[in-house]
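A quick write-up on the structure given underneath.
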Amino acid sequence: MDTIVLEHVTKTFGKTVAVNDLSLKVPQGSVYGFIGPNGSGKTTTLRMIMNILYPDSGEIKIFGDHNKINTDRIGYMPEERGIYTRMKVQEVLQFYGELKSGRNVKNDVKMWLDKLDLSEWANKKVETLSKGMSQKVQFIATVVSRPEIVILDEPFTGFDPVNTEAIKDAVLELQDQGTTVIFSTHDMNVAEKMCDFIFMIFKGKKVLDGTLSSIQDKYSNDTIRIKINGDGDLLKNLKGVEKVNDFGQMQELRMAQDCNPQEVLSTIMSRTHVYSFDIVKPSLHDIFIRIAGPEAREVQHA
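Numbering of the sequence shown is given in my numbering, commencing with residue 1 and proceeding in unit increments.
The structure is reproduced here in structure tokens:
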């Protein structure tokens, strides 16, 4: 069953087409990642799902209903964080939870404060919290009412690795309980590791939609992932290699169609010591760059 369905949805702002003829299906209980460059239409799409914005054309169905979207069944955390800063943490969370659910959420608030290591701040005002702690409070406010759908716009921005891990675990726990989770992110590693499905929007148009493996299959095994003794300069001017992505401790080489990877390895070994050499499918990061990076723009303007 699909919890959210978009059919040929278009949204414009003046002469700018923010979302162009978008169709999308989000299965119930899935973790669905939205990726795309800034200004590509991710947030506009999320806001249309939330009924904050209305499409110019097309149809959006939530829980199979397009006539009336019950937003009390949806938890939404916008990228622009906002919560009542002069209220105490526990009070503000109970306020949001009871407003959305119509029930006493005191036990749920306590559970989430314990889970995200905020219990000692329960009776402190939100304005006294650090940015990271405030973001965790915002996350709890989004999920404490037990919504059936949780929509998170850039939920990991500004978090250190420990807090990123905590929110990641919380999202996967929500999924285990049957919640459908949509989140937008610029972190391709997070999208690769967490998402059942990945959707990429670019200039308002859907350019990718599917599982990570199905997306990677479109590009075949055209990538060499290598670790060498030295820096990426040693990998310049390799026959059959179209591009080198240098990540410092590791490099990714994009092979041309007629490339012989064994010849590439032999040439590299003549220059330096090779610690590891794997032929793999391209990473989501590399696919993103191929679609939206400088090379793609050069091809479009050629």
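Virtual Cβ for every residue (Gly too), placed ideally from N, Cα, C. Fair warning: this is a prediction, and the values are worked out from it, not measured in the lab.
Check	Outcome
Member of 243, 203, 44 and 208 whose CA lies at the smallest distance from the CA of residue 232	243
Beta carbon of residue 265 nearer than 8 Å to that of residue 274	yes
6 Å Cβ shell around residue 151 - same chain, five flanking residues per side excluded	46, 76 and 182
Sequence-distant residues of its chain with Cβ nearer than 6 Å to residue 35 (five each side left out)	191 and 200
Distance, residue 110 Cα to residue 90 Cα	8 Å
Exposure label - residue 108; buried when at least 16 CB within 10 Å	buried
For residue 25 and residue 184, believed in contact at Cβ under 8 Å, the rounded distance	About 17 Å separates the two Cβ atoms, so there is no contact after all.
Per-residue DSSP class, three states only, for residue 233	helix
Inter-residue Cα distance where the pair is residue 227 and residue 187	22 Å
Boundaries of the alpha helix (DSSP H) in which residue 214 is found, first to last residue	212-217
Minimum C-alpha distance to residue 303 - residue among 143, 119 and 65	The structure shown does not extend to residue 303, since the chain spans only 1 to 302, so no value can be given for it.
Opposing strand residues paired with residue 24 [DSSP bridges]	6
Assumed close pair residue 120, residue 86 - CB separation to whole angstroms, cut-off 8 Å	19 Å between Cβ atoms; not a contact.
Spatial neighbours of residue 156 in its chain, beta-carbon cut-off 7 Å, leaving aside the 5 residues before and after	164, 167, 185, 187 and 190
Three-state class that DSSP yields for residue 76 in the structure shown	strand
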